[in-house]
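Quick notes on the structure that follows.
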Amino acid sequence: MEPKASQGKHLWSIRRRWLTSILVLVLVGGIMESALSRWVTRYGATVAVTHWYTTAQHHLIRGFYGRLDGHLQARLDVLTRIQGVADAVGAGDVAVLERLLGPTRTFWIAVDASGTRAVASDAPCRTDASGLLARLPLNDGLTPIACGDRWFVVKMAWANRGRARLLLGERVDSDFVTDLSAVLGTEVDVFDREGRHVQSSGQSTSSEPLTVALDAELSAAIASGKPQPAAPFRLSMAPYAGFGISEPRTSRGLTDIDVFASWFPFGGDDDSPLVVVMWVPVDFMMIGAQYSTLAMVGGTAIICLILAVLGWRLARRLARPLAELASAAGRVAEGDLRHRVAATGDAETAQLADAFNQMVSALEREQARVVERTAQLDGANRELSEALEQVQTAQGRLLQAGKMAAVGTLVAGLSHELNNPVAIISGYTQSLLRSLPDDAVERGPLQAIERQSARCAKLVRSLLDFSRGRSSSREPTSLGGAIERIGELATAHARRRDVALEVAVEADLPAIWGCSQELESAFLNLVTNALDATSPGGRVSLRASRSSRAEGGVDVAVSDTGTGIAPEALPHIFDPFFTTKAPGSGTGLGLALTHQIVTSHGGSIDVETQVGAGSTFTLWLPAGTPAGAREAA
Amino acid sequence: MTRRRLLVADDEADMRSLLEFHFGNLGYEVESVADGAAALEALNSSQYDVLILDGLMPRLSGLATLAVVRRTWPTQRVVMLTSGIDVDLGDGAQLDTLGLRGWLRKPFDIDELTALVATQSEAAHASR
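Residue numbers (my numbering), protein chains in the order written: chain F, 1 to 633; chain A, 1 to 128.
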């Protein structure tokens, strides 16, 4: 039971696990976010520039070429019908040709049908007519050609029914590029395939010759790039490995704006020896930036989702032992003290689980102790209440005994004082009645006096019996005979009241140390009371049986189906002169006397009563010879 | 037939009068004294069929008188009237020891007393 020491070694600390988890999450998140941002920056911007901006630029530049083409074509249409162009070419008459072929800005070349003789408007071309012939285009599209360091863009047509070829074009000069720049809306530079700068736009305000520093990547791309033929605007992007964007750079010192460079082949031909590089201000990239913001937000959300799932799984793994503990605590709280948790997981949770298990074990032990103690307490309480009951019974008996003693003293004196007067009154009355003739008028009054004095005599005798207390002789007495005699005595009374009287005596009852006359008197009192309390048709039973008490003895029970005793009367039923009978019919001494007789025999009386259902008086009398009586004898 | 003679010893004058009146009416010759000592004097000087003795009297109580009577005149018939407190009549053994043939508790039934006295006096007369 020392898992702290043994398990703590090889288990991961929860701190280490948390730290590792967080580091892993941060690392994964960082890598993903970095990759995302790189991808978004490059790809998002590229998409924006290539797909929208450069598409638009391409259309514009095509329009530009188209217009130039149309313009040159219109002029060529006119010029090719002019008679004498071929003649002038054959004659090498530059002046005639110049007059025929138009304004000074227009560059032209006239070649004879055999292709051996050429006349050009510009001096460098004129001086190198044979070299020029070698470079002439064979189709009738727009084609850049160079004469010396000058570049021209030309269009060819046959004149004089095939007798001569005419090439009409414009010089790629500052105005030309400025026009192009105006059409595209960006600054442009024109380079040849070797990366040599040809012309710049918008330099009318600059005093310096335009120098553009192309970065190596762009230069190489322009020099060696082989544009793809499929989609013209994408061709221009191809050299940039699908991204087509170089890093932002400062160009030309003109406005010091950051630009992206993008290039197009000059003219309609992908093999064009000239390329146009346009400088796209960073502002245009705002479209891409917006796009990339969207991508960033979306990508970040996805990353967050991935991290959340990852983190949730990690947290769940961390929390599982705790959840198990919580569930175990719940079960313990519901009272399942036998439940234990496995000490797994991290060091701390293992410790916690272990501490929890120890706590539950302690609780279980405590609960067992509580149960044991409760049982002990219950037992003690039972004993206490039994003792209390005994004390109450004893107190009640003492109280009764005290009352009896006081009443007995009073009654003894009183009855003695009454004895003689009552004896004299009743004696004279009876004596007179015996001596008077039967028809004497005094007989009625004297009989009344006799009845009343007899009543007094009876009362005084009862009082005497009561006050005399324990005075009778005691001997081993069999209660069976006494009970049966009482049954016989009371039968007439019971018949008069139409009450059934049952008498039952258990065989072989133990003998009682007592006075049979007194006991009979006590039983008779109870039976008489029971008969008086029972309505006609009721039942009274007198039973004597071996007592179930530990000390043995005999129980004598008198039960009736009579009126019962009212709760307020119950505490007084053994008090002398307490009676519920009609005035004159009871002395109120019967139960007091019974009580005295029974207590003087060392017994006790219990009463069970229910108003309307009847009462049961149970006398208990101890068996054999009381210790006190034996000592006295 | 000679008249049966009764001696009544009772401190209560009305009781003596009652017994004189009642037994006189019945043909007895009744003498009465107020206490035990007077009763012993009367017994010493004369002979009575039955002594009716009150239990509680001044000078010499009924029981004490009875004890003397038992020793001196063992055949003397005695009927004792007790008020219950002067002598423990519950203890029949004591009265038997004293040779008491008949006793009544006050207040007594006059007919019972009459019967008792008649029985005792006839017995006394017969043994004489």
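For every residue, glycine included, the Cβ atom is placed at its ideal position computed from N, Cα and C.
Subject >> Buried or exposed (CB count within 10 angstroms, at least 16 for buried), residue 481 of chain F >> reply: To locate residue 481 of chain F, count along the first sequence from 1; it is residue 481. The residue is exposed, with fewer than 16 neighbouring Cβ atoms inside 10 Å.
**OP:** Would you kindly report the start and end of the unbroken beta strand (DSSP E) that includes residue 634 of chain F?
**Re:** As shown, chain F starts at 1 and ends at 633. That puts residue 634 of chain F outside it, with no answer to give.
Subject >> Close-in-space but distant-in-sequence residues of the same chain around residue 15 of chain F (CB under 6 Å, 5 per side omitted) >> reply: If you number the first sequence from 1, residue 15 of chain F lands on position 15. For residue 15 of chain F, where only same-chain residues beyond five positions count, there are no Cβ hits under 6 Å.
Original post:
Since residue 52 of chain A meets chain F, which of its residues come closer than 7 Å, beta carbon to beta carbon?
Top reply: Position 52 of the second sequence, counted from the first residue, corresponds to residue 52 of chain A. What residue 52 of chain A touches in chain F: nothing, since even the nearest Cβ is about 12 Å away.
Original post:
Nearest-angstrom Cα distance between residue 140 of chain F and residue 124 of chain F?
Top reply: If you number the first sequence from 1, residue 140 of chain F lands on position 140. If you number the first sequence from 1, residue 124 of chain F lands on position 124. The alpha-carbon atoms of residue 140 of chain F and residue 124 of chain F are separated by roughly 23 Å.
Original post:
In chain F, what lies closer than 9 Å to residue 15 of chain A by C-beta?
Top reply: Taking the first residue of the second sequence as position 1, residue 15 of chain A is located at position 15. Neighbours of residue 15 of chain A on chain F, chain order: 420, 423, 424 and 427.
Original post:
Nearest-angstrom Cα distance between residue 108 of chain F and residue 296 of chain F?
Top reply: As a position in the first sequence, residue 108 of chain F is number 108, starting the count at 1. As a position in the first sequence, residue 296 of chain F is number 296, starting the count at 1. Going from the Cα of residue 108 of chain F to the Cα of residue 296 of chain F covers about 55 Å.
Original post:
So, does the CB of residue 111 of chain A fall closer than 8 Å to a CB anywhere in chain F?
Top reply: Here residue 111 of chain A corresponds to residue number 111 of the second sequence, with the count starting at 1. Yes, its Cβ sits closer than 8 Å to a Cβ of chain F.
**OP:** For residue 127 of chain A, I'd like the list of residues in its chain whose CB is within less than 6 Å of its CB, leaving aside the five on either flank, ordered along the chain.
**Re:** In the second sequence, residue 127 of chain A corresponds to position 127, counting from 1. Close CB contacts of residue 127 of chain A within its chain, under the 6 Å cut and outside five residues either way in sequence, are absent.
Original post:
If we ignore side chains and look at the alpha-carbon of each, how far apart do residue 574 of chain F and residue 461 of chain F end up?
Top reply: Working through the first sequence from its first residue, we reach residue 574 of chain F at position 574. Working through the first sequence from its first residue, we reach residue 461 of chain F at position 461. Cα-Cα distance, rounded: 18 Å.
Subject >> chain A residues whose Cβ lies nearer than 7 Å to that of residue 457 of chain F >> reply: By one-based count along the first sequence, residue 457 of chain F stands at place 457. 107, listed in chain order.
Original post:
Can you give the Cα-Cα distance for residue 116 of chain F and residue 86 of chain F, rounded to whole angstroms?
Top reply: Position 116 of the first sequence, counted from the start, is the residue given in the question as residue 116 of chain F. Position 86 of the first sequence, counted from the start, is the residue given in the question as residue 86 of chain F. One C-alpha to the other measures close to 13 Å.
Subject >> Under 7 Å from the C-beta of residue 435 of chain F: neighbouring residues of chain A >> reply: By one-based count along the first sequence, residue 435 of chain F stands at place 435. The answer, in chain order, is 25.
Original post:
How many angstroms separate the CA atom of residue 51 of chain A from the CA atom of residue 449 of chain F?
Top reply: Here the question's residue 51 of chain A lines up with position 51 in the second sequence. Here the question's residue 449 of chain F lines up with position 449 in the first sequence. Cα to Cα, the separation comes out at about 28 Å.
Subject >> Exposure label - residue 513 of chain F; buried when at least 16 CB within 10 Å >> reply: If you number the first sequence from 1, residue 513 of chain F lands on position 513. By the 16-neighbour rule on beta-carbons within 10 angstroms, residue 513 of chain F is buried.
Original post:
Going straight from the alpha carbon of residue 477 of chain F to that of residue 19 of chain A, what length do you get?
Top reply: Position 477 of the first sequence, counting from 1, holds the residue named residue 477 of chain F. Position 19 of the second sequence, counting from 1, holds the residue named residue 19 of chain A. Approximately 40 Å between the Cα atoms of the pair.
Subject >> Any C-beta of chain F under 8 Å from that of residue 18 of chain A >> reply: The sequence position of residue 18 of chain A within the second sequence is 18, counting from 1. Residue 18 of chain A counts as touching chain F.
Subject >> Where the alpha helix (DSSP H) through residue 378 of chain F begins and ends >> reply: Stepping through the first sequence from its first residue, residue 378 of chain F is reached at position 378. Looking at the DSSP string, the run of the alpha helix (DSSP H) that includes residue 378 of chain F is 347–435.
Original post:
Anyone know if the C-beta pair for residue 76 of chain A and residue 68 of chain A falls short of 8 Å?
Top reply: As a first step, residue 76 of chain A is located in the second sequence; it is residue number 76 there, counting from the start. As a first step, residue 68 of chain A is located in the second sequence; it is residue number 68 there, counting from the start. For the 8 Å CB-CB criterion, residue 76 of chain A and residue 68 of chain A do not form a contact.
Original post:
Between which two residues does the alpha helix (DSSP H) carrying residue 441 of chain F extend?
Top reply: Here residue 441 of chain F refers to the residue found at position 441 of the first sequence. Unbroken run through residue 441 of chain F: none, as it is neither H nor E.
**OP:** Pull up the CB-CB distance for residue 81 of chain A and residue 48 of chain A, whole angstroms please, since I reckon it's below 8 Å.
**Re:** Position 81 of the second sequence, counted from the start, is the residue given in the question as residue 81 of chain A. Position 48 of the second sequence, counted from the start, is the residue given in the question as residue 48 of chain A. With 8 Å as the limit, residue 81 of chain A and residue 48 of chain A do not qualify as a contact, their Cβ atoms being about 16 Å apart.
**OP:** Go through its chain and collect everything with a Cβ distance to residue 496 of chain F's Cβ below 7 Å, but skip five positions before and after it.
**Re:** On the first sequence, position 496 is the one that residue 496 of chain F refers to. Excluding sequence neighbours, residue 496 of chain F sits near nothing in its chain.
Original post:
How about residue 31 of chain A: is its C-beta nearer than 8 Å to some C-beta of chain F?
Top reply: Counted from its first residue, the second sequence places residue 31 of chain A at position 31. The C-beta of residue 31 of chain A comes no closer than 8 Å to any C-beta of chain F.
Original post:
Are residue 566 of chain F and residue 607 of chain F close, meaning C-beta to C-beta below 8 Å?
Top reply: Position 566 of the first sequence, counted from the start, is the residue given in the question as residue 566 of chain F. Position 607 of the first sequence, counted from the start, is the residue given in the question as residue 607 of chain F. Against a cut-off of 8 Å, the Cβ pair of residue 607 of chain F and residue 566 of chain F comes out as no contact.
Subject >> Simplified DSSP assignment, three categories, for residue 137 of chain F >> reply: As a position in the first sequence, residue 137 of chain F is number 137, starting the count at 1. It is coil, neither helix nor strand.
Original post:
Hey, how far is the Cα of residue 180 of chain F from the Cα of residue 148 of chain F?
Top reply: Within the first sequence, the letter at position 180 stands for residue 180 of chain F. Within the first sequence, the letter at position 148 stands for residue 148 of chain F. Each residue's alpha carbon lies about 23 Å from the other.
Original post:
Would a C-beta distance cut-off of 8 Å place residue 485 of chain F and residue 520 of chain F closer than the cut-off?
Top reply: Numbered from its first residue, the first sequence carries residue 485 of chain F at position 485. Numbered from its first residue, the first sequence carries residue 520 of chain F at position 520. Yes, they are a contact pair.
Original post:
Mind checking if residue 119 of chain A is an interface residue toward chain F, Cβ cutoff 8 Å exclusive?
Top reply: Here residue 119 of chain A refers to the residue found at position 119 when the second sequence is read from its first residue. False, the Cβ-Cβ gap to chain F never drops below 8 Å.
Subject >> Partners in chain A for residue 411 of chain F, counting only beta-carbon separations shorter than 8 Å >> reply: The residue you call residue 411 of chain F lines up with position 411 of the first sequence. What residue 411 of chain F touches in chain A: nothing, since even the nearest Cβ is about 10 Å away.
**OP:** Taking all protein chains shown into account, decide if residue 206 of chain F is buried (16 or more other Cβ within 10 angstroms of its Cβ) or exposed.
**Re:** In the first sequence, residue 206 of chain F corresponds to position 206, counting from 1. Note that residue 206 of chain F has pLDDT 37, beneath the 50 cutoff, so the model's placement of it is unreliable and the number below is only indicative. Classification for residue 206 of chain F: exposed.
Original post:
For the 8 Å Cβ check, are there 3 or more pairs between the region 325–334 of chain F and the region 65–77 of chain F?
Top reply: Inter-segment contact for the region 325–334 of chain F and the region 65–77 of chain F is absent: fewer than three beta-carbon pairs are separated by less than 8 Å.
Subject >> Where the alpha helix (DSSP H) through residue 169 of chain F begins and ends >> reply: By one-based count along the first sequence, residue 169 of chain F stands at place 169. That residue, residue 169 of chain F, is in no alpha helix (DSSP H); its beta strand (DSSP E) goes 164–171.
Subject >> Residue of F/58, F/152, F/307 and F/366 minimising C-alpha distance to residue 191 of chain F >> reply: Indexing the first sequence from 1 puts residue 191 of chain F at position 191. If you compare the alpha carbons of F/58, F/152, F/307 and F/366 with that of residue 191 of chain F, the shortest gap goes to F/152.
Original post:
Is residue 136 of chain A helix, strand or coil when you go by DSSP?
Top reply: Nothing can be reported for residue 136 of chain A, as the shown portion of chain A is limited to 1 through 128.
Subject >> Beta-carbon gap between residue 21 of chain A and residue 431 of chain F smaller than 8 Å >> reply: Taking the first residue of the second sequence as position 1, residue 21 of chain A is located at position 21. Taking the first residue of the first sequence as position 1, residue 431 of chain F is located at position 431. Contact: yes.
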